[in-house]
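Just below is one structure, and these are the notes that go with it.
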Amino acid sequence: MTLALLVILLPLLFLVLIKHFKLGVLSSNLPPGPNPWQLLWTISQSRNKPHVAFQTLARTHGPLFSLRLGSQLVVVASSPAIAMEILKTHDKIFSGRYLPYRCFQIIEMKQSSLTMSRQCNDAWKFLRAVGHNFIFSSRAVGAKEKMRKEVVGKMMEYLVENEGEAVKLDDIVNVTVSNVVANVLASRSLFDVRGEGEKEEILQGLVWEIVESATNLGLADLFPVLRRMDFWSRRNGMKIREKIMCAWVDIVEERRKCGTNDFSSGDFMDVLLENGFLDDQISIVLMELLIAGTDSTIITIVWLMAELIKNQDIFLRLREEIGQAIKPNSTTLDESILSRCEYFQACINETLRLHIPGPFLVPHQALENCNLNNYLIPKDSIVLVNAWAIHLDPNNWEDAASFKPDRFLDSKIDFLGSCFEFIPFSSGRRMCPGFHMGFRNILLVVASLVYYFDWSLPGGEDLRNLDMTDKFCTTLKREKPLYLVPRLRERFHVG
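Read in order, the letters of the sequence shown correspond to residues -27 to -1, 1 to 468 in mature numbering (1 follows the signal peptide of the UniProt record, and there is no 0).
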């Protein structure tokens, strides 16, 4: 028995020793960083918020530092200059996408991933091009304005029905934005703002499982040499994948039987079917885009509304701008007009700066060895850009911790990826392709909430006391849900 165990463990021990020997040879020229105890202490002192902990470590070790999670090397950048090196100068080398092992099991199929594809291969390029043409381009986004107005109209109806009562704005925005994206993908709303659908609960639970799988690191992530032995992560990933298939199977099968019609109007599912994608591939892509197309937008809308409620002078100034922009005697909000509201744009930019949804963007991975800032970044290193720290750096922004939309007025800084002190959607070839769609969704939803309704806190609490504490869970959300009391403005009451 002992001999058999030795035979099994010796090859594994040999691989671990070889790995550590290689790391030792390379470590002399790695970026500096904390030892394990310093890392644990800093994270514990930052209330388990790694973006804050890494900001603290950058002050000690510099804007480019490294640390180890098990045997896995992680490199963290915390300045605009180094972010530009990673996302622009060495964009191709750092274009790999790091996925936890369990998450990788969910999408491990050819032509089945866009945002989470591990490399920019031909399948990724094809999906990216198709996605741009049919979902993400300005033309494609503009063509869906009527649908967006219809979905937002249902949100408005719900708020009017619940006038004077406390509503959980997080859930209302979640349903609204998710239905907008679902209609782009499959020409149907999947969620009920009243939360009465059983399938809706299943789908929301599945979204949370997938997000969690992209957050939690397992043994195979800390020690990649053990991946073949991590049967639990593999099994768990496969279970989630099966749930995804079950969530979409009826919708995909129905479309295959009915084909393209006036109802679907050639949506993204039709495009995938026409290009020979299998049902399981379609399910993975649709689920991935549903999450990617909603999460950041929902978080931004909720944070922006919280800031507006807390800062009533900014709220009223924004409402006045919207009112002056729309046509006289009109009660309809037009996206093309809203997009020209400079102060509105400034409010959105300031929210993305102060409350960036993804503080580390999406993790990159080095596809080969690279010299960065006179340090060696070995192949397969996880590379994080602490965009949150860059956005809150007083060297980049005056009074960085305050919500001041005016800083973006008459400014050339934008979120299109060329201003590395402001990169909410990242930059380079792995930049978020859906920023046009996200921007339009934010415009219409927030404008509707601000222009048509007055808001108060439950119990008449002082608006200035609104809790703005955040919580890290892959994305940076509010720690507490945003409960508000809507009241339709007097001028919009009928009869």
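Note that the Cβ used here is the ideal one computed from N, Cα and C, for glycine as well.
In this structure, DSSP gives residue 219 a helical state, which the three-state scheme calls helix. Under the three-state reduction of DSSP, residue 454 is assigned to coil, being neither helix nor strand. With fewer than 16 other Cβ atoms inside 10 Å of its own Cβ, residue 305 counts as exposed. If the five residues before and after residue 47 are omitted, its C-beta is found closer than 6 Å to the C-beta atoms of 40, 355, all from its own chain and listed in chain order.
In this structure, the straight-line span from the alpha carbon of residue 106 to that of residue 113 is close to 7 Å.
DSSP places residue 462 outside both helix and strand once states are collapsed to three, so it counts as coil. In its chain, beyond the 5 residues on either side, 64, 65, 68, 93 have a beta carbon closer than 8 Å to the beta carbon of residue 402. Within the segment 130 to 209, the complete alpha helix (DSSP H) runs of at least 4 residues fall at 142 to 159, 171 to 186, 192 to 195. Taking a contact to require three or more Cβ pairs closer than 8 Å, the segment 290 to 302 and the segment 415 to 426 qualify as touching.
A check of alpha carbon separations from residue 151 across 269, 71, 318 identifies 269 as the nearest. Beta-bridge partners assigned by DSSP to residue 70: 337. Cβ-Cβ separation between residue 59 and residue 358: approximately 6 Å, consistent with a contact (criterion under 8 Å).
Spatial neighbours of residue 111 in its own chain (CB-CB distance under 7 Å, excluding positions within 5 residues in sequence) are listed in chain order as 409.
If you compare the alpha carbons of 147, 276, 302 with that of residue 464, the shortest gap goes to 302. Every beta strand (DSSP E) stretch that sits fully inside the segment 415 to 451 and reaches 3 residues is listed by chain position as 426 to 429, 443 to 446, 448 to 451. DSSP places residue 320 outside any beta strand (DSSP E); the residue lies instead in the alpha helix (DSSP H), whose first and last residues are 315 to 327.
Taking a C-beta distance under 8 Å as the contact criterion, residue 459 and residue 140 qualify as a contact pair. For the pair residue 215 and residue 390, the Cα-to-Cα distance works out to about 36 Å. Three or more pairs of CB atoms, one per stretch, sit closer than 8 Å, so the segment 270 to 289 contacts the segment 434 to 447. In the three-state reduction of the DSSP assignment, residue 405 falls in the coil class. A straight-line Cα-Cα distance of about 35 Å links residue 228 and residue 205.
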